[in-house]
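Novice: The structure under discussion is supplied below as structure tokens; questions concerning it will follow.
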Amino acid sequence: NAGVTQTPKFQVLKTGQSMTLQCAQDMNHNSMYWYRQDPGMGLRLIYYSASEGTTDKGEVPNGYNVSRLNKREFSLRLESAAPSQTSVYFCASRDFSSYNSPLHFGNGTRLTVT
Amino acid sequence: AQSVTQPDIHITVSEGASLELRCNYSYGATPYLFWYVQSPGQGLQLLLKYFSGDTLVQGIKGFEAEFKRSQSSFNLRKPSVHWSDAAEYFCAVGFSSGSARQLTFGSGTQLTVLP
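These protein sequences, in sequence, are chains A and B.
With our numbering, the residue at position 6 of the first sequence is 57, and numbering never jumps.
With our numbering, the residue at position 104 of the second sequence is 123, and numbering never jumps.
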């Protein structure tokens, strides 16, 4: 069982470069999420997609864009990377038909912007 | 707005000792509560959850948590800690409104286990 798969695992960017973080889930979940994790701040929601074809801003959306490509895939794009976006990024999914269902997480992408 | 507080940033216990990690939440209605564990370099794994019924819930790896409405708390406990329990632990609260924009996370508690 692959669960939630994120690529790449590590990435170093220079300020101003762009990149896309990929996420795919094989659990047939309808909802997908992107979080960032910073020391002492827990996980903060960047964007989420309640279902295929919809996306909404979370707590910290500035500097990011997302695409829900299909039910399985949800990508996060940094158009012009900034040092403040150095973080660990987690993709997650859940079955929204049961609203107490937990999130299932990928193993994260560690991004450094120099 | 809902919030989650984990007052202990870092806890150190000896192997075999008991453990309690604190979590307090602020939310107007009965929340859905979760504890997750994160090992180094890994994603978050669900330990246990509470949404209704018995206020003492059992999870994986020998962990349990107790929901206390009067104290707005959902503390995580383990009677005897193993070295493999060293990790970061996150408490999270979920909405009952059905919104997909769910789960507010606490800032985490780092657990160190001494031999």
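Built from N, CA and C at the ideal position, the CB exists for glycine as well.
If you're wondering where the values come from, they're calculated on a predicted model, not measured in any experiment.
Do the region 94-107 of chain A and the region 20-32 of chain B touch if we need at least three Cβ pairs shorter than 8 angstroms?
Specialist: no
Novice: Is B:G113 helix, strand or coil when you go by DSSP?
Specialist: Along the second sequence, read from residue 1 onward, the residue named residue 113 of chain B stands at position 94. DSSP places B:G113 in strand when its eight states are reduced to three.
Novice: Less than 8 angstroms between the C-beta atoms of B:V76 and B:L38, yes or no?
Specialist: For the purposes of this step, residue 76 of chain B is taken as the residue at position 57 of the second sequence. For the purposes of this step, residue 38 of chain B is taken as the residue at position 19 of the second sequence. No, Cβ-Cβ distance for B:V76 and B:L38 is not below 8 angstroms.
Novice: Output needed in chain order: residues of the region 45-68 of chain B with a Cβ under 9 angstroms from some Cβ in chain A.
Specialist: Y51, F53, Y55, Q57, G60, Q61, G62, L63, Q64, L65 and K68
Novice: Apart from the five residues just before and just after A:R161, which ones in its own chain have a Cβ nearer than 6 angstroms to its Cβ?
Specialist: Sequence index remark: in the first sequence, residue 161 of chain A carries index 110 (1-based). Answer for A:R161: F61 and V139, listed in chain order.
Novice: Any beta carbon of chain B sitting closer than 8 angstroms to that of A:N116?
Specialist: Your numbering for residue 116 of chain A matches position 65 in the first sequence. So, not an interface residue.
Novice: At a CB-CB cut-off below 9 angstroms, which residues of chain A make contact with B:L133?
Specialist: Reading the second sequence from its first residue, position 114 is the one you call residue 133 of chain B. Going along chain A, no residue has its Cβ under 9 angstroms from B:L133, so there is no contact; the nearest lies around 22 angstroms.
Novice: For A:S131, which three-state DSSP category applies?
Specialist: Translated into the one-based positions of the first sequence, residue 131 of chain A becomes position 80. Looking at A:S131 - three-state DSSP - the assignment turns out to be coil, as it is neither helix nor strand.
Novice: Do you know offhand how far A:T66's Cα is from A:Y115's?
Specialist: Residue mapping note: residue 66 of chain A aligns to position 15 of the first sequence, counting from 1. Residue mapping note: residue 115 of chain A aligns to position 64 of the first sequence, counting from 1. Approximately 14 angstroms, taken between the alpha carbons.
Novice: Is any beta-carbon of chain B found at less than 8 angstroms from that of A:P134?
Specialist: The residue labelled residue 134 of chain A in the question sits at position 83 within the first sequence. So, not an interface residue.
Novice: In whole angstroms, give me the CA-to-CA distance for A:L127 and A:D89.
Specialist: Taking the first residue of the first sequence as position 1, residue 127 of chain A is located at position 76. Taking the first residue of the first sequence as position 1, residue 89 of chain A is located at position 38. Rounded to whole angstroms, A:L127 to A:D89 spans 17 angstroms at the Cα level.
Novice: Considering only C-alpha positions, which residue in the set B:F93, B:K87 and B:A106 is nearest to B:L24?
Specialist: Translated into the one-based positions of the second sequence, residue 24 of chain B becomes position 5. Looking at the sequence provided, one finds Thr at residue 24 of chain B rather than Leu. Measuring from the Cα of B:T24, the nearest candidate turns out to be B:F93.
Novice: Check distances from the C-beta atoms of the region 82-94 of chain A to those of chain B and list, in chain order, the residues that come in under 7 angstroms.
Specialist: Only S82, G91, M92, G93 and L94 from the region 82-94 of chain A bring a Cβ to less than 7 angstroms from some Cβ of chain B.
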